[in-house]
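Enquirer: Residue numbers (the numbering used here): 113 to 630.
(1) Taking the straight line between their C-alpha atoms, what separation do you get for residue 138 and residue 579?
(2) With residue 79 as the anchor, note down where its alpha helix (DSSP H) starts and where it stops.
(3) Under the rule that 16 or more other beta-carbon atoms within 10 Å means buried, what is residue 353, buried or exposed?
(4) Under 8 angstroms by Cβ, that's how I've got residue 565 and residue 154 pegged, so tell me the actual separation to the nearest angstrom.
(5) At what residues does the beta strand (DSSP E) containing residue 367 begin and finish?
(6) Beta-carbon within less than 7 angstroms of residue 515's beta-carbon, same chain only, minus the 5 sequence neighbours each way: which residues are those?
(7) So the alpha helix (DSSP H) residue 229 belongs to, where does it begin and stop?
(8) Per DSSP, residue 204 is paired with what?
(9) Can you round the beta-carbon distance between residue 245 and residue 229 to whole angstroms, since I take them to be within the 8 angstroms contact cut?
(10) Identify the residues that DSSP records as bridge partners of residue 469: which are they?
(11) Since residue 443 and residue 187 should fall inside the 8 angstroms C-beta cutoff, what is the C-beta to C-beta distance between them, to a whole number of angstroms?
(12) Could you check how far apart the C-beta atoms of residue 191 and residue 177 are, in whole angstroms? I think they sit under 8 angstroms.
(13) Anyone know if the C-beta pair for residue 325 and residue 269 falls short of 8 angstroms?
(14) Figure out for me which residue from 500, 552, 219, 562 has the closest Cα to the Cα of residue 376.
(15) Helix, strand or coil for residue 297 per DSSP?
(16) Check the DSSP bridge columns for residue 521 and list the partner residues they point to.
(17) Out of 549, 523, 547, state which residue places its alpha-carbon closest to the alpha-carbon of residue 540.
(18) Check this for me: beta carbons of residue 483 and residue 430, under 8 angstroms apart or not?
(19) Check residue 142 in the structure and name its three-state DSSP category.
(20) DSSP on residue 554, reduced to helix/strand/coil?
(21) Answer yes or no: does any C-beta atom of chain D fall closer than 8 angstroms to that of residue 530?
(22) Report the rounded CA-to-CA distance for residue 476 versus residue 167, giving the unit in angstroms.
(23) Please state whether DSSP places residue 432 in a helix, a strand or coil.
(24) Shortest alpha-carbon distance to residue 525 belongs to which of 259, 583, 446?
(25) Could you work out which residue in 551, 492, 403, 472 is closest to residue 573 when comparing CA atoms only?
(26) In terms of residues, what are the limits of the alpha helix (DSSP H) holding residue 510?
(27) Within a Cβ cutoff of 6 angstroms, which residues of the same chain sit near residue 233, ignoring the five residues on either side of it in sequence?
(28) If you compare alpha carbons, which of 548, 575, 571, 461 is closest to residue 563?
(29) Report the CB separation of residue 347 from residue 411 in whole angstroms; it is logged as a contact under 8 angstroms.
(30) Between the beta-carbon of residue 313 and the beta-carbon of residue 592, is there less than 8 angstroms?
(31) Could you compute how far the alpha carbon of residue 407 sits from the alpha carbon of residue 358?
(32) Buried or exposed, going by whether 16 or more other CB atoms sit within 10 Å of the CB of residue 538?
(33) Candidates 454, 510, 384, 236: which alpha carbon is nearest residue 481's?
(34) So, is residue 238 buried or exposed, given that buried needs 16 or more other C-beta atoms within 10 angstroms?
(35) Considering only the alpha carbon of each residue, which of 279, 201, 341, 370 lies closest to residue 170?
(36) Should residue 425 be labelled buried (16 or more other beta-carbon atoms within 10 Å of its own) or exposed?
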């Protein structure tokens, strides 16, 4: 035992010495991502320390936890709490100082009495519920009487559906008077985006109305998901919307008698002992499963690989601070990561130079899909914030050097990178596929079965320890270790967000009108 321990200590000391070299030999600012560098060489060396077998040991523990706790590790359950305790204990033993942040999620929404929509001026009129309007599910309760203000509507309605962009941009609320009720036409973007912009503009309530084409005129019953707007929200017919929009000083009473019962869970955060406190490389994965199953691929696989990377880097001095995160309530709407980023001050957000996201990395019929930071695939979402392309290229280098196939995948907004991208933080990561169907071309490239789902057990009870591709787990976990170690020493090509903030402030001051507060 002593000999085995001594050999382990020698290996650890050698690794620490080797990985610490980039502190003295950092790449010059002019270096391109394709040029050989000391951080690249040593990140490759570090990647070899990440073993799929060790990652699987964490997955075995997650499976045991799920089995002992009703078959899942969902947010708000004992299975999730035990999963968090396991990860936290491992981190403590490795020397990390950890913290948790609270996460709220909706358990149940209940409407106690029918909502009310009445015009009080210039004429008195009561609209019928549900013929003229319906309550938007998840609306906050409230009783507001205020003037209505139309937000960028197309009146009369256009001939084609999904034409109106009313409320989709913050600029649509230019001139909006705080305290008024926003009257917003249905159209091209999600209702939640419209309501979010209305809240930022100071609205006291929101009345959506249907866009106006055939088949899109009646009140639409839907769930806006977000329960924290703090004002009542209803959805009206096109006729009601046009009626309320007709007058210059229309005032209404809007009442919703409803409440959301809130559950609570936690995120787990671990910061490295080393590195510049104002220069953070964040690495995260969601820890919760769906209630239907253990969530061993989704997302025990990403959580376990991030944990193993953190453990291996615990004693390694790095140039930049590493922040490892295990998010709660991702399966309930990305709530853990969104509430975490939302809770940071702008100064704290600006310290995060980039975010690496790992959600499902061992799908049994999957591939190696890298988030398309530069939009080179030309599909779906645009490019990520500046620096995202460099993250994608860095991961491409890892796979390309080893002759491993890979493809781009769109930033669809379905994982925890969303809140970071929305706040201008560059992001990237690896995804091995969920319910999507593997094409014949992908089967030729990655192996596996064409015409079948990347993960046939996605969000199902069978997403257990037998639902893991061990080869993919090992390969992708090594890529996680590589990317984390590389950016821990070299942020060439990743914009300095503090400098960007200063530039924005200077630009605003330069364009401010004479006499404006500065």
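The C-beta atom is built at its ideal place from N, Cα and C for all residues, glycine as well.
Expert: On the basis of the supplied data:
(1) Because residue 138 sits at a pLDDT of 43, beneath the cut-off of 50, its placement in the model cannot be relied upon, and the point is left open.
(2) Past the edges of the chain, shown from 113 to 630, lies residue 79, and the structure says nothing about it.
(3) buried
(4) Actually they do not touch by this definition, with Cβ atoms about 38 angstroms apart.
(5) 363-383
(6) none
(7) Note, residue 229: premise wrong, no alpha helix (DSSP H); beta strand (DSSP E) at 209-233.
(8) DSSP lists no partner for residue 204.
(9) 5 angstroms
(10) 396, 541
(11) 7 angstroms
(12) 6 angstroms
(13) yes
(14) 219
(15) strand
(16) 483
(17) 523
(18) no
(19) Note on residue 142: pLDDT 39, under 50, position unreliable in the model; no value is reported.
(20) helix
(21) Absence of chain D from the displayed structure is noted, only one protein chain being present.
(22) 16 angstroms
(23) strand
(24) 446
(25) 403
(26) 500-513
(27) 363
(28) 548
(29) With 8 angstroms as the limit, residue 347 and residue 411 do not qualify as a contact, their Cβ atoms being about 34 angstroms apart.
(30) no
(31) 52 angstroms
(32) buried
(33) 510
(34) exposed
(35) 201
(36) buried
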